[in-house]
Amino acid sequence: MNKIKAIILLFSGIWILGGCSTMNINEDNESQINENENERTYNFDEKEIHEYLVPVQEYIGEGYRFRDSVEENLEVAEQHREVVETAVQEWFLDNHKTEVKINNIVSVVDGVAVFVESVGKPDFYTHVIVPIHIETGEVRTESIWASEGKVEIGIKGGLLELAFEEEFNNLNEYLESLTKQYPIVGLSEKAVKNVMGTGYTTPYYYLTPSDRALDQMIELYLQEQNFTQDGELDYFFQDYTYNESHVFFTINLYMKNKGDKPSEEIFNQILKDIEGMDDIPRGTYSILLHDNYIHKGRAEGYKENSLRRAHPNEIIKD
């Protein structure tokens with residue numbers, strides 16, 4: 022076959038702003054597949070298959086690119102890496118009262134994206150933009166920014182996981198068990214750390230909570246030093262709840278073997294299992310099963326042969 026047509030659907034959790042990727046917050050339907058918007062078609066010949074698609078087990082984020090990125094920005098950032106890392110860590114402490122560690126730095130059109138993960142709980146991954154003036158080589162650490170609500174969504178997801186730890190453990194253990202029962206896998210831990218930046222994220226799914234009722238939880242987290250300890254979260258959820266229609270779980274699984282197409286039998290069994298489970302977190306679940314390959318420039322597995330149950334037909338657990 023000389024050509025392989027691969028349709029890469031960009032989830033609304035994949036962000037594009039000002040020539041680089043940032044998170045577009047859509048409180049009604051974020052991180053869900055939209056069949057009518059944000060669809061791009063790529064035709065890969067045999068050479069391009071090797072250039073753009075790699076087995077998911079081998080993918081650690083190498084080759085990940087933002088649109089219109091300028092590689093010289095990364096060179097400048099590497100020359101001042103200690104300054105960049107320190108500034109980003111201080112930005113998170115000042116603005117979000119959260120300690121983070123740096124996992125990866127990737128060039129964007131007007132600077133670099135710095136991928137981080139939180140230290141301890143709440144557990145989440147995200148990234149911020151550090152602007153660089155390429156003509157002067159100036160790293161503008163005073164102008165670090167993240168798209169509106171992006172970091173907060175990560176914190177919300179991490180706090181939800183902490184508040185409903187048993188339910189999340191049940192979901193995580195179920196998905197892990199699938200990889201022992203069937204020839205399927207998830208992302209590598211390194212790929213999650215290096216390029217996902219999608220809030221609370223595991224090798225198998227990411228969580229996008231957009232319910233405004235959870236904003237009070239963020240305020241308490243920022244104001245009260247011990248909010249994540251001593252049962253404070255349990256106390257919070259005695260008075261507050263969240264709308265499961267505004268808390269999105271996006272599950273991405275891959276076939277383990279290179280030549281295998283997504284298995285309808287496995288996919289249908291997963292749908293049946295999720296529909297029948299009553300001990301996993303409340304929320305809106307999109308489930309996708311891909312072949313073995315991932316687009317290394319976008320960290321996306323979706324292709325024409327992918328199997329999916331997603332918007333507007335998600336599984337809602339209430």
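Oh and the sequence shown: position 63 is 84 in my numbering, straight run, nothing missing. Glycine included, each C-beta is placed from N, C-alpha and C at the ideal position. For clarity, every value in this text was computed on a predicted model and none was experimentally measured.
1) Buried or exposed: ILE337, going by 16 or more other Cβ atoms within 10 Å of its Cβ?
2) Looking at C-alpha atoms only, which residue of THR229, HIS316, ALA108 and LYS282 is the closest neighbour of LYS171?
3) Under 8 Å: do the stretch 243 to 251 and the stretch 201 to 220 share three or more Cβ pairs, one atom per stretch?
4) Does the Cβ of GLU93 have 16 or more other Cβ atoms within 10 Å, making it buried, or fewer, making it exposed?
5) Go through the stretch 148 to 186 residue by residue and report every complete run of the alpha helix (DSSP H) that reaches 4 residues or more, in order.
6) On the CB-based measure, 16 or more other CB atoms within 10 Å of its CB, does GLU51 come out buried or exposed?
7) Over what stretch of residues does the alpha helix (DSSP H) that includes PHE113 continue unbroken?
8) Express the C-alpha separation of PHE269 and SER327 in angstroms, rounding to a whole number.
9) When you compare only the Cα positions, how much space is there between TYR263 and TYR306?
10) How big is the Cα-Cα spacing for HIS72 and GLU286?
11) Measure the C-alpha to C-alpha separation of ILE54 and ASN125 and round it to an integer number of angstroms.
12) Assuming LEU95 and VAL127 form a contact by the criterion Cβ under 8 Å, report the distance between their Cβ atoms to the nearest whole angstrom.
13) Would you mind working out which of PRO143, SER90 and ASP236 sits nearest HIS267, comparing C-alpha positions?
14) If contact is defined by three or more beta carbon pairs under 8 Å, each pair taking one atom from either stretch, is the stretch 178 to 185 in contact with the stretch 105 to 114?
15) Look at the alpha carbon of GLU83 and the alpha carbon of LEU254, and state the distance between them as a whole number of angstroms.
16) Rounded to the nearest angstrom, how far is the Cβ of LYS277 from that of ILE165, given a contact under 8 Å?
17) Taking the alpha-carbon positions, what's the ASN57 to ASN215 distance?
18) Taking the C-alpha atoms as reference points, what is the distance between TYR275 and LYS201?
19) Which partner residues does HIS316 have in the DSSP bridge list?
Quick answer:
1) Along the sequence shown, read from residue 1 onward, the residue named residue 337 stands at position 316. So ILE337 counts as exposed.
2) Position 150 of the sequence shown holds residue 171. Selected option, being the one with the closest Cα: THR229.
3) Too few Cβ pairs lie closer than 8 Å, so no.
4) Walking along the sequence shown from the start, residue 93 turns up at place 72. So GLU93 counts as exposed.
5) Taken in chain order, the complete alpha helix (DSSP H) segments of 4 or more residues contained in the stretch 148 to 186 are 171 to 184.
6) Mapped onto the sequence shown, residue 51 falls at position 30. Only weak support is given to the placement of GLU51: the predicted model assigns it a pLDDT of 32, under 50, and the question is left unresolved by the model.
7) One-based indexing of the sequence shown puts residue 113 at position 92. For PHE113, the enclosing alpha helix (DSSP H) starts and ends at 102 to 117.
8) Counting from 1 along the sequence shown, the entry for residue 327 is found at position 306. Counting from 1 along the sequence shown, the entry for residue 269 is found at position 248. Pairing SER327 with PHE269, the inter-Cα distance amounts to about 20 Å.
9) Within the sequence shown, the letter at position 242 stands for residue 263. Within the sequence shown, the letter at position 285 stands for residue 306. Distance between the alpha carbons of TYR263 and TYR306: 15 Å.
10) Here residue 72 refers to the residue found at position 51 of the sequence shown. Here residue 286 refers to the residue found at position 265 of the sequence shown. The question names His, but residue 72 is Glu in the sequence shown. Approximately 31 Å, taken between the alpha carbons.
11) Counted from its first residue, the sequence shown places residue 54 at position 33. Counted from its first residue, the sequence shown places residue 125 at position 104. Because ILE54 sits at a pLDDT of 30, beneath the cut-off of 50, its placement in the model cannot be relied upon, and the following sentence gives the value as read from the coordinates. Taking the CA atoms as reference points, ILE54 sits about 27 Å from ASN125.
12) Mapped onto the sequence shown, residue 95 falls at position 74. Mapped onto the sequence shown, residue 127 falls at position 106. Taking 8 Å as the upper bound for CB-CB distance, LEU95 and VAL127 are in contact here, some 7 Å apart.
13) Translated into the one-based positions of the sequence shown, residue 267 becomes position 246. The candidate whose alpha carbon is nearest that of HIS267 is ASP236.
14) Output reads no: the stretch 178 to 185 does not touch the stretch 105 to 114.
15) As a working note, residue 83 is residue 62 in the sequence shown. As a working note, residue 254 is residue 233 in the sequence shown. Going by the C-alpha atoms only, they are around 38 Å apart.
16) To locate residue 277, count along the sequence shown from 1; it is residue 256. To locate residue 165, count along the sequence shown from 1; it is residue 144. No, LYS277 and ILE165 are not in contact; Cβ-Cβ is about 40 Å, not under 8 Å.
17) Mapped onto the sequence shown, residue 57 falls at position 36. Mapped onto the sequence shown, residue 215 falls at position 194. Annotation note: pLDDT 30 at ASN57 (below 50); position unreliable, coordinate value reported separately. Each residue's alpha carbon lies about 30 Å from the other.
18) If you number the sequence shown from 1, residue 275 lands on position 254. If you number the sequence shown from 1, residue 201 lands on position 180. Distance between the alpha carbons of TYR275 and LYS201: 13 Å.
19) The count along the sequence shown starts at 1 and reaches residue 316 at position 295. LEU74 and GLU321, per the DSSP bridge assignment.
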